[in-house]
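Number of protein chains: 2
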Amino acid sequence: MPNLLVDERDQKFVLYEQLKIDELCQYAKYGEFSREMFDMVLEAAQKLAEKELAPTNQDGDVKGVSLEGGQVRVPESFHQAYRYYCEGGWASLPIDQEMGGQGFPSALYCATMELFAAANQAFSMYPGLTIGAARLIEHYGTEEQQREYMDKMYTMEWCGTMCLTEPQAGSDVGALRTRATKRPDGSYSIVGNKIFISAGDHDLSENIIHMVLARVEGAPPGTKGISIFIVPKYRIENGEFVPNDVACTAVEKKMGIHGSSTCALSFGEKESCIGYLLGQENEGMKIMFNMMNEARLAVGMQGLSQASAAYMQALRYAKDRQQGPEISTMKDPNAPKVPIFDHPDVRRMLLWMKSVTEGMRALLYYAGYCEDRVKCAPTLEEAAKYQGFLDILIPICKAWSSDMGFRVTELAVQVHGGYGYCREYPVEQNMRDVKIASIYEGTNGIQALDLVGRKLSYKQGILFKNIVQETGILLKSAKKNYRLKDIVEPFDVARKHLIEVTRYFGLKSITEDFMTPILYATPYLELFGDVAIGFMLLWQAVIADRRLQELYDDAKADTPEKKAELVKTNRSAAFYRGKLASAQFFANTILPLAPGKARSIMSGERSAIDLPEESFALF
Amino acid sequence: MPNLLVDERDQKFVLYEQLKIDELCQYAKYGEFSREMFDMVLEAAQKLAEKELAPTNQDGDVKGVSLEGGQVRVPESFHQAYRYYCEGGWASLPIDQEMGGQGFPSALYCATMELFAAANQAFSMYPGLTIGAARLIEHYGTEEQQREYMDKMYTMEWCGTMCLTEPQAGSDVGALRTRATKRPDGSYSIVGNKIFISAGDHDLSENIIHMVLARVEGAPPGTKGISIFIVPKYRIENGEFVPNDVACTAVEKKMGIHGSSTCALSFGEKESCIGYLLGQENEGMKIMFNMMNEARLAVGMQGLSQASAAYMQALRYAKDRQQGPEISTMKDPNAPKVPIFDHPDVRRMLLWMKSVTEGMRALLYYAGYCEDRVKCAPTLEEAAKYQGFLDILIPICKAWSSDMGFRVTELAVQVHGGYGYCREYPVEQNMRDVKIASIYEGTNGIQALDLVGRKLSYKQGILFKNIVQETGILLKSAKKNYRLKDIVEPFDVARKHLIEVTRYFGLKSITEDFMTPILYATPYLELFGDVAIGFMLLWQAVIADRRLQELYDDAKADTPEKKAELVKTNRSAAFYRGKLASAQFFANTILPLAPGKARSIMSGERSAIDLPEESFALF
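Listed in order, the protein sequences are those of chains A and B. Under UniProt numbering, the residue at position 2 of the first sequence is numbered 2, and the numbers go up by one with no gaps. Under UniProt numbering, the residue at position 158 of the second sequence is numbered 158, and the numbers go up by one with no gaps.
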């Protein structure tokens, strides 16, 4: 019985048939691995997700975290899940071996992340933040800092956090006020307040290492004067744990991810709180930026994971739930009842969910794969190419996947009818949990500005040009396949519109009209996402079509009837037929909106900024 | 200080300037009323909503309802709110005076419903269900039944419910199993189980009158054999309250509307439960159908109300919350911080919310206005015309408003950033509360089937033809105004595409391809909704343009600068300028998608139904 969290057949399709990650083993970096080893990892991840993490998900939601006497406690069931997670060494899966990790490809890590987050998004925050923090120390820490902190974090003996946000400094991180004062011994005194700190306090590990953005006295204002510090919850002095005056003053009551503690932390308000500089003074933002791609990919992964789990649940519910007769016998009160899966509107919703979820999966794993290709690229040119794909796709991975992942969970609720609105069924939680993904790690509005303001203009638009080229190659090869000719056109048209809008933005920038791209950054990201996801599905369709054809040939299925029969009886044929349907459905129902979206962006409509404040409402 | 629930200026604009409900007073039916009286009602409703209902909203969410010893208790604060509500006679506002009501127009009632639901959607369920149930008795009950039940329900001394759903009978109401057996005295013994009964039990009133669908023994299967019964929680025998074995066995734990009790009720499981037939045997569905429009309009109103409250909150937050410098000074770390309202992406979100919310408000009040016009129509023809508008628009009022109302609340959360995800701010609750509106009172999928399967085909498509004609007249008049010429085209184009798709559905039906309209019913409803809402905004733009022009003329504002100055200083000018922007924004950013939506519907894409079950996922 396959798990009900992630379609494992599709995971393998992306990893082995689309990205061919087994071919990464040709490179020295991954030379010791093999497909068999990847399969073992996947299987173990599935088991952990299904048997240990998923059963704690509702518990986390219902019980949530509590703050008692300055200490946050997570639900009891999280502790055992955490032990299993640590024992498996899951956190360090993609970490280089010389740093104490296992050195697996990131693409594979993505597949495990999807499984874990699908099982329990709130739980997955604790290792997620820890790895993010540890990576900073890996890249910028001294050997001593690595030995003291990073090693214990990669084993998850200690956890970690990222402390950026302050009450007055959210999206505008440069406005932060936490102060760092150098002490005679080279360490710093840290004083300030942080909010919305995920995994900010909890009782899963004996120590928590906070990566704290703060301003050294006399540093320049804004982002240029920010430094980053390692601030442990407990300092180790002569082998003893000494409290470091990091106080958790509140935990937020949230719409979802109740099992994840979202803390207000106060540093050095009472006694002295000591931090250790990471890298150089005023390098804080540069250091943080280096880890941004990874963190944003992880949040996109949350969007995918909840979509994935919600789709599987909705599909199962639709197959189980009997309601009403088939549409053709609707007027016969004695007609047998059928599962709601047989109702066209339900099937339409399910195929939408399937298509979008599979597209996101492909895009996100592809982003992980780009990281891998950067790491083992034989030339700087090739490394730059894959880094470029990664850089331009990251805001789409984060924003499109979180927004559309939410839509998938919303439809899963709808498929469940009244039951979908009740806590009894897991989709209700999926929907609440995933909403945060559109907000944190840079709101989706910030992602859109990053795409339009930074990524499009990087080196005269080289990143976008490379996307245009790559999709062009794919399109050309798809067009050669006469069996795909019916579905290729919408991809072609949507891509042309994306190119047209991008050129239009370029022209606007030349004429110094920066406002238009900024005003339409979010709709632009949406359009870009439609095209990017679309091309992932087209890529998959090319492969699936070939495989399906081979199966037809092998079985000598040369009539429509024989082909249909094979699809019904052969699991692989059924799967490839489903892949083709995902691409076709996306092409015919989502991509036709691309011209209208482009027209809307280029409409010149500026009411939103031209309208006086008073006209929004009178108060 | 205006309330922060509903833009009262816009309410008055719809009622008096667009629908001109004061002109209804020309008819005998509303002859005793005047605009002054309507204003008094509005003012009192605002006060009740703001001062008494809104303060209990979070309480209802946090405390919710509890089931103790078979009795449901609502949060304590609801009791006082309920008293104020009853004292004001709000429930019976639109009920005919000869039935004990106040006889006000439904359009005005809509405005009060919006206010009350915006203040506390969960609370508004109790009177909502009561009035729905009482109306059935008004229309189909004997004089004795009216005296015994209806009178007490219109004063809210007793409450009411609608008991349709059973575990196996949700959307397929014909599958219900609750049995009714005639007793010698003409009453019936009722035995069965109902679920998802809103306001099914509570302690706000001393008695609850359930309207229960059940099957009399020997009745035909399916919907044709359903009867409807009045089943009081307590029977009155010789002036005494006698328990009638209606047991609340569970209350659902839900995503939202925690203050509204959603009950599992068991009838006659232990002792005898007696019900009284309403109308004739087997007339149950016919009777229910008569009240459908009203109930669905009320649910659409919930979509509007949460959108309205969420927009007002988001706007206020955006004006209050300082974050980041203005976009043009972004690189200057010393630049002053501005409210996020000054960031283009936030303004884009807010204007989207404003435009959609105002469009829904206009459409829903218009539906109420159609009811009024039916009631006082001098000819049968005119009555039929307005009834037709109402009938075809109802599924759109319900489904479009609930789906898009949810989108508005989602954007309100996004505008709030991390705070939007926290319970501390009311938008988090708005989003959870409103989600149910897409599901109950006929899921939005059912609404779409009603539109496509029933309303489009009624009398050779007369209902749609009337819509085409009415929008055509409006378009013609808008086109004559040279100041509106820039915004008229998208309305024209979108309308043409709706007509084209409708014709296409008609052709499909002629060729007996019923599957295509059924498969695309939901996307069709969405497109129809876009056009319907669009034309409401165009209608408003025509009026607002004229009024604004008058203000310009009066103030001798004859240059762009003077006009802009007037808009900034004159509240009416600011408002009308905002109305024009709502229409223009909708025209340029939402309606351009109409051609793509139409293309998608007519694409012939049938994967969803053609795909074998096995291809959706392998389990």
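Quick reminder that beta carbons are idealized off the backbone N, C-alpha and C, glycines included. These figures come from a predicted structure and were not determined experimentally.
For residue j and residue i, the rounded distance between their alpha carbons
i                     : j                : result
ALA478 (chain B)      : LEU364 (chain B) : 22 Å
LEU164 (chain B)      : MET349 (chain B) : 39 Å
ILE467 (chain A)      : GLU382 (chain A) : 14 Å
GLY64 (chain A)       : ASN334 (chain A) : 48 Å
ALA250 (chain B)      : ARG373 (chain B) : 43 Å
residue 627 (chain A) : GLY453 (chain A) : Here chain A covers residues 1 to 619 and nothing more, so residue 627 (chain A) does not appear.
TYR369 (chain B)      : ARG296 (chain B) : 15 Å
LEU5 (chain B)        : ARG432 (chain B) : 17 Å
LEU451 (chain B)      : GLY418 (chain A) : 21 Å
GLY268 (chain A)      : HIS258 (chain A) : 27 Å
SER92 (chain A)       : TYR440 (chain A) : 23 Å
TYR482 (chain A)      : ASN444 (chain B) : 39 Å
THR559 (chain B)      : ARG547 (chain B) : 17 Å
GLU271 (chain A)      : LYS182 (chain A) : 16 Å
PRO167 (chain B)      : SER34 (chain B)  : 48 Å
residue 694 (chain B) : ALA107 (chain B) : There is no way to answer for residue 694 (chain B), as the model of chain B reaches only from 1 to 619.
residue 638 (chain A) : ARG606 (chain B) : The shown model of chain A, from 1 to 619, leaves out residue 638 (chain A), and the question about it has no answer.
GLY279 (chain B)      : ALA219 (chain B) : 15 Å
Segment limits, beta strand (DSSP E) that includes residue i
i                : result
MET211 (chain B) : 208 to 216
PHE267 (chain A) : 262 to 267
GLY160 (chain B) : 159 to 163
GLN306 (chain B) : No beta strand (DSSP E) holds GLN306 (chain B); the alpha helix (DSSP H) holding it covers 284 to 320.
ARG235 (chain A) : 234 to 237
ARG599 (chain B) : Not the beta strand (DSSP E): ARG599 (chain B) falls in the alpha helix (DSSP H), residues 594 to 601.
LYS152 (chain A) : No beta strand (DSSP E) holds LYS152 (chain A); the alpha helix (DSSP H) holding it covers 151 to 154.
For residue i, the first and last residue of its enclosing alpha helix (DSSP H)
i                : result
LEU363 (chain A) : 344 to 375
GLY60 (chain B)  : 57 to 63
CYS248 (chain B) : Looking at the DSSP string, CYS248 (chain B) is not in any alpha helix (DSSP H); the run it does join, the beta strand (DSSP E), is 246 to 251.
GLY192 (chain A) : Element bounds for GLY192 (chain A): not the alpha helix (DSSP H) but the beta strand (DSSP E), 188 to 198.
GLU381 (chain B) : 380 to 415
PRO560 (chain A) : 560 to 569
ARG135 (chain B) : 121 to 140
PRO426 (chain B) : 426 to 434
ARG9 (chain B)   : 8 to 12
Residue i beta carbon near the ligand ADP (any heavy atom closer than 7 Å)
i                : result
SER603 (chain A) : You won't find the ligand ADP in this model; it holds no ligand whatsoever.
Close beta carbons around residue i, own chain, < 7 Å, minus the five adjacent residues each side
i                : result
GLY222 (chain B) : GLY174
VAL246 (chain B) : HIS210, VAL231, LYS233, LEU265, PHE267 and CYS273
LYS254 (chain B) : THR262
GLY60 (chain A)  : PRO75, PHE78, ASN120, ALA122, PHE123, HIS258 and GLY259
PRO344 (chain A) : ILE327
ARG321 (chain A) : PRO339 and ILE340
PRO336 (chain B) : PRO325
THR409 (chain B) : GLN306, ALA307, ALA310, VAL427, ASN430, MET431 and VAL434
GLN46 (chain B)  : ASN3, GLU8 and LEU115
Cβ shell of residue i (< 8 Å), same chain only, five flanking positions each side left out
i                : result
TRP539 (chain B) : GLN18, ALA362 and LEU474
Do the segment 532 to 540 of chain B and the segment 556 to 572 of chain B make contact, defined as three or more Cβ pairs closer than 8 Å? Contact fails: fewer than three Cβ-Cβ distances are below 8 Å.
At what residue ranges does the segment 437 to 524 of chain B contain a whole run of the alpha helix (DSSP H), taking only runs of 4 or more? Here the runs fully enclosed are 444 to 449, 462 to 479, 485 to 510 and 515 to 519.
Touch check for the segment 311 to 321 of chain B and the segment 350 to 363 of chain B: three-plus C-beta pairs under 8 Å? yes
Going along the chain, which unbroken runs of the beta strand (DSSP E) with 3 or more residues stay wholly within the segment 17 to 100 of chain A? 66 to 68 and 71 to 73
Flag this pair as touching only if the segment 283 to 293 of chain B and the segment 127 to 140 of chain A have three or more C-beta atom pairs under 8 Å; answer yes or no. no
Is the segment 591 to 603 of chain A in contact with the segment 587 to 601 of chain B, if contact means three or more CB pairs nearer than 8 Å? With contact defined as three or more Cβ pairs closer than 8 Å, the segment 591 to 603 of chain A and the segment 587 to 601 of chain B are in contact.
Count the CB pairs spanning the segment 382 to 391 of chain B and the segment 401 to 419 of chain A that are closer than 8 Å, and state whether there are at least three. no
Validate contact between the segment 174 to 190 of chain A and the segment 210 to 219 of chain A using beta carbons, cut 8 Å, 3 pairs: yes
Please determine if the segment 384 to 398 of chain B and the segment 134 to 151 of chain B are in contact, where contact requires at least 3 C-beta pairs separated by less than 8 Å. no
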